[in-house]
Ligand SMILES: Cc1ncc(COP(=O)(O)O)c(C=O)c1O
């Protein structure tokens, strides 16, 4: 077995409240078994999302003090914009407070009754924001992605045959094709570069915008480097740029494993 030592120290500790099994049963019953109706203080290990669960680096904490809160023209925004542009070539970059807020803006513009939006697996906030507009969210992940025993290297891939059939069925009522990297609602499984590029090609041939939910793009790039033929010698940055080069837009929650980017350089 190879021991992997994390290249950082974690220095803060936050106490958590312990509950008994009976208390948890009672709390779940009172919440009508709806996890969103529980108080986070009553949850010991929260597997609902990976948002806000990673420790911040010392540089990130220090950046809070250096942050400029000016109402307009803030250099904090310039830094943010430059970092995004270094990896992704989008014309407009709009910060929102969380991923779900970006989704709410996007789907209030392109969603609506009668629209159908495919993805590998929509995350629950994405599905919620789509369906709140009256549109329908559809999951088209490959069959291997729903089989826990299958060792396919990219179980987050979207099924390209299903995607083409979907586009033929719903035609002009498909306002965009989404792909989530990694596929968090499907167990955080990665999507291959080949699958992302084919998906973009299909989107282009049907003249439908291709939108990436980029929640854990750095981790997805790492899996591509490790597992995809011909990618092992490329840098994470090169792979990331390749992942986004055919995308027409993206939404992203930045509350996840960005520490990984620091660690990978
Ligand atoms: C794939 C995916 N999309 C969107 C979101 C929503 O992001 P946020 O929690 O920042 O609103 C999450 C959060 O877990 C996610 O995993």
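Numbering (the numbering used here), first residue to last: 2 to 266.
Heads up, the beta-carbon is just placed ideally off N, CA and C, and yes, glycines get one too.
Coil, strand or helix - residue i by DSSP
{"i": "residue 154", "result": "coil"}
{"i": "residue 190", "result": "strand"}
{"i": "residue 237", "result": "helix"}
{"i": "residue 250", "result": "strand"}
{"i": "residue 87", "result": "helix"}
{"i": "residue 214", "result": "strand"}
{"i": "residue 57", "result": "coil"}
{"i": "residue 126", "result": "helix"}
{"i": "residue 94", "result": "coil"}
{"i": "residue 33", "result": "coil"}
{"i": "residue 179", "result": "strand"}
{"i": "residue 174", "result": "helix"}
{"i": "residue 184", "result": "strand"}
{"i": "residue 312", "result": "Given that the chain is displayed from residue 2 to residue 266, the structure contains no residue 312 and the question cannot be resolved."}
{"i": "residue 52", "result": "coil"}
{"i": "residue 313", "result": "As shown, the chain starts at 2 and ends at 266. That puts residue 313 outside it, with no answer to give."}
{"i": "residue 147", "result": "helix"}
{"i": "residue 159", "result": "strand"}
{"i": "residue 5", "result": "coil"}
{"i": "residue 45", "result": "coil"}
{"i": "residue 120", "result": "strand"}
{"i": "residue 100", "result": "helix"}
{"i": "residue 19", "result": "coil"}
{"i": "residue 232", "result": "coil"}
{"i": "residue 28", "result": "helix"}
{"i": "residue 203", "result": "helix"}
Supposed close pair residue i, residue j - CB separation, criterion 8 Å
{"i": "residue 49", "j": "residue 36", "result": "6 Å"}
{"i": "residue 257", "j": "residue 55", "result": "7 Å"}
{"i": "residue 244", "j": "residue 197", "result": "6 Å"}
{"i": "residue 159", "j": "residue 141", "result": "5 Å"}
{"i": "residue 130", "j": "residue 180", "result": "That belief does not hold up - the Cβ atoms of residue 130 and residue 180 are roughly 16 Å apart, past 8 Å."}
{"i": "residue 17", "j": "residue 45", "result": "6 Å"}
{"i": "residue 157", "j": "residue 191", "result": "5 Å"}
Neighbourhood of residue i by C-beta distance below 6 Å, restricted to the same chain and skipping five residues each side
{"i": "residue 135", "result": "113 and 114"}
{"i": "residue 266", "result": "Note that residue 266 has pLDDT 44, beneath the 50 cutoff, so the model's placement of it is unreliable and no number is given."}
Beta-carbon contacts of residue i that lie in its chain and below 7 Å, excluding the five residues immediately before and after
{"i": "residue 207", "result": "168"}
{"i": "residue 249", "result": "210, 211 and 212"}
{"i": "residue 165", "result": "203"}
{"i": "residue 242", "result": "88"}
{"i": "residue 264", "result": "Here residue 264 scores only 48 on pLDDT, less than 50, and its place in the model should not be relied on; the value that follows carries that caveat. The answer, listed in chain order, is 8 and 9."}
Proximal residues to residue i (C-beta, below 8 Å), its chain only, five neighbours per side dropped
{"i": "residue 52", "result": "99, 100, 254, 256 and 257"}
{"i": "residue 153", "result": "143, 145 and 146"}
- Okay, do the segment 226 to 243 and the segment 108 to 117 touch, 3+ Cβ pairs below 8 Å being the bar? no
- When a residue counts only if its C-beta is closer than 6 Å to some heavy atom of ligand 1, which residues count, in chain order? 50, 51, 52, 99, 100, 101, 124, 126, 127, 181, 185, 214, 216, 254 and 256
- For the segment 206 to 216 and the segment 174 to 193, state whether three or more C-beta atom pairs, one from each stretch, are separated by less than 8 Å. yes
- Query: Counting Cβ pairs, one atom from each stretch, are 3 or more of them under 8 Å apart for the segment 143 to 152 and the segment 169 to 182?
  - Reply: no
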